[in-house]
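Below you'll find the structure, written out as structure tokens, and then a few comments.
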Amino acid sequence: MKFAADRTVGKLAQWLRLMGYDAVDTGPFSPESVLSFIGEDRILLTRDTHLTRKTATLKAIYLHSNDPKNQVREVVHTLLLQPDEKVFFTRCKFCNTILERVTSQEVIDEVPDYVRQRHKRFSRCNTCERVYWPGTHYDNITKTLQDLLAK
Ligand SMILES: [Zn+2]
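In terms of my numbering, the sequence shown has 767 at position 119, counting the first letter as 1, and numbering is strictly consecutive.
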């Protein structure tokens, strides 16, 4: 299941990517651009009722909440998604690219020494070249997602 979030719900796409879902930002709004995303089999996520009225049910989802975390819950409940923790952190939070597993040797020039000494698992985004590793940040996000999905 793939998503496109328009700019009325900007942060939502980041949360969906953290959960491993393919979610792009539609960028600056124009009706044509949004319709093209639906044409790519993406579900449009928006707080714009004009858009949801124009499109078929479940091609676009109107989010009631202003809060990205509650919006995640709305998407999960509306589509009966079953997020899988095994795929959390497999996609770049910033550009939606699927991350590649790399060794600490491969990130020797990109990650500070103290981080490489503490961690063994790294992932790299080959599009924006960010390097990720599991740290307290991952734990906090996982906890947040577990909490909001449990309710
Ligand atoms: Zn990236």
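C-beta atoms are modelled at their ideal positions from N, C-alpha and C, and glycine is treated no differently.
- Inclusion of Ile691 and Lys650 in the CB contact set at 9 Å is warranted, their separation being smaller than that value.
- Burial is judged here by how many other beta carbons sit within 10 angstroms of a residue's own beta carbon; Glu777 has fewer than 16 and is exposed.
- The C-alpha of Thr703 is placed about 36 Å away from the C-alpha of Tyr786.
- Here Arg772 is buried, its C-beta having at least 16 other C-beta atoms within 10 Å.
- Under a 10 Å Cβ-count criterion, Ile756 is classified as exposed, with fewer than 16 other Cβ atoms of the shown protein chains found around its own Cβ.
- Distance between Gln719 and Leu660, taken at the CA atoms: about 7 Å.
- If you check the C-beta of Arg749 against ligand 1, you find no heavy atom less than 8 Å away.
- In terms of Cα proximity to Tyr762, the closest of Leu747, Thr745, Trp781 is Trp781.
- For the alpha helix (DSSP H) assignment, the uninterrupted runs of no fewer than 4 residues enclosed by the region 666–738 are, from N- to C-terminal side, 679–687, 697–702, 716–727.
- Around the Cβ of Asn714, a 10 Å sphere holds fewer than 16 other Cβ atoms; the residue is exposed.
- Ranked by Cα distance from Ile746, the options Val723, Phe736, Pro760, Gln753 are led by Phe736.
- Taking C-beta separations shorter than 6 Å and ignoring five residues to either side along the sequence, the partners of His767 in its chain run Trp781, following chain order.
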